[in-house]
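Each residue of the sequence shown is one higher than the last, beginning at 1 in the UniProt record's numbering.
One structure is given here, and the rest of the page talks about it.
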Amino acid sequence: MTDIGKSLIFMGVVIIILGILLLFSEKLPFNLGRLPGDISFKKENFSFYFPITTSILISIILSLLFYLFGKFFK
């Protein structure tokens, strides 16, 4: 099997796992879009939301996945 084939299989498995997590996200003990540390500001005609904690968590997870991807599929 070529490297491209292995990469496509790996990415497909990751997408399937993410899809399953999104299907059951309401049953998870945390809400990925509303974690503690996310900044939310509401006024009468204005609302501002910046998911800083969610962004950091997603960045860590993606960095770990790319590290593992590079380590095992060289």
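The C-beta atom is built at its ideal place from N, Cα and C for all residues, glycine as well.
Fair warning: this is a prediction, and the values are worked out from it, not measured in the lab.
(request) List the endpoints of the continuous alpha helix (DSSP H) containing F10. (result) F10: member of the alpha helix (DSSP H) spanning 3-23, first to last residue.
(message) Bridge partners for F46 per DSSP, in chain order?
(response) DSSP, once it has assigned bridges, lists no residue as partnering F46.
(request) Please report the Cβ distance between V14 and L65, rounded to the nearest whole angstrom; I am assuming they are in contact, meaning their Cβ atoms lie under 8 Å. (result) About 7 Å separates the two Cβ atoms, so the contact holds.
(message) Tell me the residue span of the alpha helix (DSSP H) that contains F71.
(response) Contrary to the premise, residue 71 reads as Lys rather than Phe in this sequence. From DSSP, the alpha helix (DSSP H) with K71 extends over 52-72.
(message) Cutting at 6 Å between CB atoms, please list the residues of its own chain near F50, excluding the five before and the five after it.
(response) Once the five neighbours on either side are set aside, the close Cβ partners of F50 are I39.
(message) I'd like to know whether the C-beta atoms of P36 and T54 end up nearer to each other than 8 Å.
(response) For P36 and T54, no; Cβs fall outside 8 Å.
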